[in-house]
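Take any residue in the sequence shown, count from 1 to its spot, add 167: that is its number in my numbering. Don't be surprised by glycine CBs; every beta carbon is placed ideally from N, CA and C. Computed from a predicted model, the values in this text were never measured in an experiment.
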Amino acid sequence: MPSKAPSMTEPEAESNVSGALLSRSKQGRERILGAIREAAIAEFSRHGFKGASTKAIAERAGLTKPQLHYYIASKEELYEELLYSVLNGWSGAFQFDSQSDDPKKVLSTYVRKKLDYALDNPGLSRIFTTEVLGGGRNLGRYWPVAVKSTQQKVDLIDRWIAEGRMRRLDARLLLMQIWGMTQHYADYGVQVHIMLGLAPEETIDREPIVRELTNFVLLGCGLAPDFAPE
């Protein structure tokens, strides 16, 4: 006859109940913080820092204004957190592929990563653009890091040019052209949908865009694209 499992003591039972309650409480808090983040992205990307209000963010998140301020210290802190999440995401995602020294492969991968981020995070991308259009007052800590990262890419492209592996061009301008072309799909998402004949909620097919942008960049660099013209 199988032995009976030992019964749980009262302190153990209380501990298990407390653990379950804490777990549910943590999940609930994370859910609310996620809702606040999405609401803040929507408001800041549409109205900028000055135009967005904590009242609108709270309503979009399904909270009252006092409830919102239980979870955030201030609008300024929330905005800065979102702004720097964009910058940190970019610094991690947009490094040149360190495993390759092939200009065509490195630039093709860079274009795709930039476009993917723009299409996957249009609201966050627009927050950065809106901040820049407003003078970039909150970006003081970012610019030195961005300049250093850009210079590293410029140095690599210049080496490829010196080795005769690319046509002669201004590497810094090349990078800015890539930024502009890929960022367009986040900043002008409404226009993109209209011009492509898509409903606002329809997903953009990114593969034709990647193909065109990659061909454009590679041909401009004097490199043969992998994508054959259709």
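* Asked: In chain order, what residues of the same chain have a beta carbon less than 8 Å from the beta carbon of proline 169, not counting five sequence neighbours either side?
  -> What you label residue 169 is simply residue 2 of the sequence shown in a count that begins at 1. Its pLDDT being 47, under 50, proline 169 is placed unreliably by the model, and the measurement read from it follows with that caveat. None.
* Is it true that the CB of alanine 223 sits closer than 9 Å to the CB of glutamate 210? -> As a position in the sequence shown, residue 210 is number 43, starting the count at 1. As a position in the sequence shown, residue 223 is number 56, starting the count at 1. Cβ atoms of glutamate 210 and alanine 223: closer than 9 Å.
* Asked: In chain order, what residues of the same chain lie with their CB nearer than 6 Å to the CB of serine 275, ignoring the 5 residues before and after it?
  -> Taking the sequence shown and counting its residues from 1, the one referred to as residue 275 is at position 108. Cβ within range, chain order: Thr381.
* Asked: What are the start and end residues of the alpha helix (DSSP H) that includes proline 270?
  -> For the purposes of this step, residue 270 is identified with residue 103 of the sequence shown, where counting begins at 1. Proline 270 -> alpha helix (DSSP H) spans 270-287.
* Asked: Using the beta-carbon count (16 or more within 10 Å), is asparagine 255 buried or exposed?
  -> Residue 255 sits at position 88 when you count from the first residue of the sequence shown. Its Cβ having fewer than 16 others within 10 Å, asparagine 255 is exposed.
* Would you check if the stretch 278-296 and the stretch 354-371 touch, i.e. whether three or more CB-CB distances between them fall below 8 Å? => yes
* **Whole-angstrom distance between isoleucine 208 and tyrosine 238, CA atom to CA atom** => Residue numbering aside, residue 238 sits at position 71 when the sequence shown is read from its first letter. Residue numbering aside, residue 208 sits at position 41 when the sequence shown is read from its first letter. Going by the C-alpha atoms only, they are around 16 Å apart.
* Would you mind working out which of Val253, Leu341, Pro375 sits nearest threonine 296, comparing C-alpha positions? => Within the sequence shown, the letter at position 129 stands for residue 296. It is Val253 whose Cα lies nearest to the Cα of threonine 296.
* Nearest-angstrom Cβ-Cβ length linking arginine 335 and threonine 317, presumed shorter than 8 Å -> Taking the sequence shown and counting its residues from 1, the one referred to as residue 335 is at position 168. Taking the sequence shown and counting its residues from 1, the one referred to as residue 317 is at position 150. Beta-carbon to beta-carbon, arginine 335 and threonine 317 are separated by about 19 Å, too far to satisfy the 8 Å threshold.
* Would you decide whether threonine 349 is buried or exposed? Buried here means 16 or more other CB atoms lie within 10 Å of its CB. => Against the sequence shown, residue 349 aligns to sequence position 182. By the 10 Å Cβ count, threonine 349 comes out buried.
* Asked: Per DSSP, what kind of secondary structure is methionine 333 in: helix, strand or coil?
  -> Counting from one through the sequence shown, the residue named residue 333 turns up at place 166. The three-state secondary structure of methionine 333, taken from DSSP, is coil.
* Starting from threonine 221, trace the alpha helix (DSSP H) both ways and give me its first and last residue. => Position 54 of the sequence shown holds residue 221. Taken as a continuous stretch (DSSP letters only), the alpha helix (DSSP H) holding threonine 221 covers 221-227.
* Asked: Does the Cβ of glutamate 298 have 16 or more other Cβ atoms within 10 Å, making it buried, or fewer, making it exposed?
  -> Your numbering for residue 298 matches position 131 in the sequence shown. Buried is the call here.
* Neighbourhood of leucine 386 by C-beta, 7 Å cutoff - its chain only, sequence neighbours within 5 removed -> Sequence index remark: in the sequence shown, residue 386 carries index 219 (1-based). So the qualifying residues of the chain are Pro392.
* Less than 8 Å between the CB atoms is what I'm expecting for lysine 281 and phenylalanine 263, so what's the real figure, rounded? => As a working mapping, residue 281 is identified with position 114 in the sequence shown. As a working mapping, residue 263 is identified with position 96 in the sequence shown. Contact doesn't hold; Cβ gap of about 12 Å is too wide.
* Asked: Should alanine 353 be labelled buried (16 or more other beta-carbon atoms within 10 Å of its own) or exposed?
  -> Within the sequence shown, the letter at position 186 stands for residue 353. The residue is buried, with at least 16 neighbouring Cβ atoms inside 10 Å.
* Below 9 Å between beta carbons: does that hold for alanine 225 and isoleucine 199? -> The residue given as residue 225 occupies position 58 in the sequence shown. The residue given as residue 199 occupies position 32 in the sequence shown. With contacts defined by Cβ atoms closer than 9 Å, alanine 225 and isoleucine 199 do not form a contacting pair.
* To do: Count the other CB atoms, across all protein chains shown, that sit within 10 Å of the CB of methionine 333; report buried if there are 16 or more and exposed otherwise.
  => In the sequence shown, counting from the first residue as 1, residue 333 sits at position 166. It is buried - the Cβ of methionine 333 has at least 16 other Cβ atoms within 10 Å.
* Asked: Going by the beta-carbon positions, is the gap between isoleucine 324 and tyrosine 246 smaller than 9 Å?
  -> Along the sequence shown, read from residue 1 onward, the residue named residue 324 stands at position 157. Along the sequence shown, read from residue 1 onward, the residue named residue 246 stands at position 79. Not closer than 9 Å, so no.
* Taking the C-alpha atoms as reference points, what is the distance between leucine 249 and arginine 279? -> Along the sequence shown, read from residue 1 onward, the residue named residue 249 stands at position 82. Along the sequence shown, read from residue 1 onward, the residue named residue 279 stands at position 112. Roughly 23 Å separates the two Cα atoms.
* proline 375 by DSSP, collapsed to three states: which one? -> For this step, residue 375 is matched to residue 208 along the sequence shown. In the structure shown, proline 375 sits in a helix (DSSP, three-state: H, G or I).
* Asked: Exposed or buried, tryptophan 310, counting other C-beta atoms within 10 Å across all chains shown (16 or more means buried)?
  -> Here residue 310 corresponds to residue number 143 of the sequence shown, with the count starting at 1. Classification for tryptophan 310: exposed.
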